[in-house]
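Protein chains in written order, with the numbering used here: chain U, 233 to 413; chain W, 9 to 386.
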């Protein structure tokens, strides 16, 4: 499905001329371009597919509502959206109750399956291992490999220096390599 | 030997998931609506115990959502009717069959109107609006989130906190008006009689919600100068009668066995807004500490009038050591109900996983064979 584009007289206000700002007419292409990477990032962090979809919607709702706060020099649209997504995921984890997404929540507890009959199980195993990593490493890996961010962009999202992010990624990969071997 | 590249490849493979087809369509519709009618910052909240999350589990009425995006929905449609029309078939059925109450309580300038209430054998739904609140803004001009606290008591005097293991709902806000649908469901069957819904706090920025945008050290004005707390304390109390709840409780105690694994469907509750299956899993000589349908499959319930997907699961067994003879019990519910229970009902679990050895090194096992239970309801 294609999302309809807004007209210039939309209630969000007149389209600005500052190239550093987001304008409402850019919302639809922005959504088209980034929705999958935002969803993938949130799918790796959420307790269920439904929660990931909900958080993806919340991410774009928040982005549209606060577009005036965006500054391109702060890392670009992609990093900005994933920062909003990360914050939404943090909010959700603070409020998460045990009754929703039972199957997936338990699947993410981090236990290894002893009976493997599907290729998908291999992916689940990797995600289980990722979920056991320290928060900083897990965050950096998911932003890199699900969100597609560079180390610099990840640094902007999580508030760390690029070099520190690179270290977290390397440590995370090393831990995974050790666990999988 | 696993190489560095192998790890990266496997990680990419695991994380590069596709958007689910139906979920993607619902997401598109919701985002399209947000583009056409941007939600004020104060409403962009995730759910908590007082304010349920907007869930995409419910099948949105896509056409209605797109119509909203195009701004073609008649203005006469009330906010409550609008959010109900976008909710699950179960909530829509509850709205249609609910008792029309229109009870109004005002306190300190804040008016709560309990428009309708509904109960069947699976859940209770309340439909209410809140009026009279003036939005509170921070120094940065950010609108504070609307918040409220309420308690529902059943005719036996029990708080919903005690029995409602399945909670849901949706909400929408306009300036000066908030519309809410809140559902309470669980293993305790709703009953006829006098119910009580009491709001004790309504307002903005209760102080218990810390927006994720406000990380430690943030210099954002919305974080450094947040909106002041503006909660109005009081008692907006509604006492109302609900009739005998519709639906059927079918005690099945039917089992399906695969090797040393036994699945028991102990009860099926079929009502106009939901179908709930109480299901337990037992494994010979082991203690099951958790279980569920495999994450790539869905638990389905096929009845005389159609097939329903159980999209919510709740743990009934809270302590694995205290589970009953049938094993670890979960409650699975659908977002759509059936007016009639008569006929053949088939509950299918294509694959399932379970954990064992509580307190030790837990082990996950996947049962790849389908477990199917059939019940005939006269």
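By construction, the Cβ of each residue, glycine as well, lies at the ideal position given by its N, Cα and C atoms.
Buried or exposed: which applies to residue i, given that a residue is buried once 16 or more other Cβ atoms fall within 10 Å of its Cβ?
i              : result
residue 301(W) : buried
residue 386(W) : exposed
residue 93(W)  : buried
residue 108(W) : exposed
residue 256(U) : buried
residue 329(W) : exposed
residue 36(W)  : buried
residue 95(W)  : buried
residue 406(U) : exposed
residue 300(U) : exposed
residue 17(W)  : exposed
residue 116(W) : exposed
residue 315(W) : exposed
residue 26(W)  : exposed
residue 110(W) : exposed
residue 277(W) : buried
residue 402(W) : In the structure as shown, chain W begins at 9 and stops at 386. Residue 402(W) is therefore absent and cannot be evaluated.
residue 292(W) : exposed
residue 377(W) : exposed
residue 393(U) : exposed
residue 164(W) : exposed
Which residue comes first and which comes last in the alpha helix (DSSP H) that contains residue i?
i              : result
residue 282(U) : 281–297
residue 411(U) : 394–412
residue 392(W) : Given a span of 9 to 386 for chain W in the structure shown, any question on residue 392(W) remains unanswerable.
residue 266(U) : 259–277
residue 92(W)  : 87–93
residue 372(U) : 367–377
residue 384(U) : 383–390
The beta strand (DSSP E) that contains residue i, what's its start and end?
i              : result
residue 285(W) : 282–291
residue 238(W) : 238–250
residue 128(W) : Looking at the DSSP string, residue 128(W) is not in any beta strand (DSSP E), and its letter there is neither H nor E.
residue 272(W) : 269–279
residue 208(W) : 201–212
residue 175(W) : 174–182
residue 165(W) : Element bounds for residue 165(W): n/a, residue is neither H nor E.
residue 334(W) : From DSSP, residue 334(W) is part of no beta strand (DSSP E); its letter is neither H nor E.
residue 7(W)   : With chain W represented from 9 up to 386, any question about residue 7(W) goes unanswered, as that position is not in the structure.
residue 379(W) : 379–385
residue 329(W) : Careful: residue 329(W) lies outside any beta strand (DSSP E) and carries neither H nor E.
residue 294(W) : Premise fails: residue 294(W) is in no beta strand (DSSP E) and is neither H nor E.
Beta-carbon within less than 7 angstroms of residue i's beta-carbon, same chain only, minus the 5 sequence neighbours each way: which residues are those?
i              : result
residue 101(W) : 280, 281 and 345
residue 331(U) : Residue placement at residue 331(U) is poorly supported in this model, since its pLDDT is 33, which falls under 50; the coordinates still yield a value, given next. The answer is none, since no qualifying residue turns up.
Please work out which residues of its chain come closer than 8 angstroms, Cβ to Cβ, to residue i, disregarding the five sequence neighbours upstream and downstream, and give them in chain order.
i              : result
residue 82(W)  : A caution first: residue 82(W) carries a pLDDT of 30, below 50, which makes its placement in the model unreliable, though a value can still be read off. Within the same chain, residue 82(W) has no close Cβ partners at all.
residue 374(U) : 273, 276, 277 and 362
residue 271(U) : 284, 285 and 288
residue 324(W) : 173, 195, 286, 337, 338 and 339
residue 167(W) : 159, 160 and 161
residue 2(W)   : Any answer about residue 2(W) is impossible in this case: the structure gives chain W only from 9 up to 386.
residue 402(U) : none
residue 39(W)  : none
List the DSSP bridge partners of residue i.
i              : result
residue 299(W) : 362(W)
residue 192(W) : 132(W) and 175(W)
residue 139(W) : 119(W) and 185(W)
residue 7(W)   : No information on residue 7(W) is available, as it lies outside the stretch 9 to 386 that chain W covers here.
residue 349(W) : Partner(s): none; residue 349(W) has no beta bridge.
residue 159(W) : 206(W)
residue 357(W) : 379(W)
residue 113(W) : 120(W)
So, at 6 angstroms on beta carbons, what are the nonlocal neighbours of residue i in its own chain, with the 5 sequence-adjacent residues on each side left out?
i              : result
residue 132(W) : 192 and 198
residue 313(W) : 346
residue 317(W) : 306 and 308
residue 179(W) : 188
residue 378(U) : 272, 273 and 276
residue 350(W) : 385
residue 272(W) : 263, 288 and 334
residue 256(W) : 278 and 349
residue 269(U) : 379 and 380
Any contact between the region 125–133 of chain W and the region 247–260 of chain W? By contact I mean 3 or more CB pairs, one from each, below 8 angstroms.
yes
Spell out a yes or no on whether the region 380–394 of chain U and the region 305–317 of chain U are touching, meaning 3 or more CB-CB pairs, one atom from each, closer than 8 angstroms.
yes
Does the count of Cβ pairs from the region 391–399 of chain U and the region 281–297 of chain U closer than 8 angstroms reach three?
Inter-segment contact for the region 391–399 of chain U and the region 281–297 of chain U is absent: fewer than three beta-carbon pairs are separated by less than 8 angstroms.
Is the region 191–201 of chain W in contact with the region 239–247 of chain W, if contact means three or more CB pairs nearer than 8 angstroms?
The region 191–201 of chain W vs the region 239–247 of chain W: no contact.
Are the region 361–379 of chain U and the region 270–282 of chain U in contact at 8 angstroms, needing three or more beta carbon pairs?
yes
Under 8 angstroms, with one C-beta from each stretch per pair, do the region 187–194 of chain W and the region 128–144 of chain W reach the 3-pair mark?
yes
Are there three or more Cβ pairs, one per stretch, closer than 8 angstroms when the region 347–362 of chain W is compared with the region 304–312 of chain W?
yes
Give, in chain order, every residue of the region 289–314 of chain U whose Cβ lies closer than 8 angstroms to some Cβ of chain C.
Annotation note: the requested chain C is absent from the structure, which comprises protein chains U and W.
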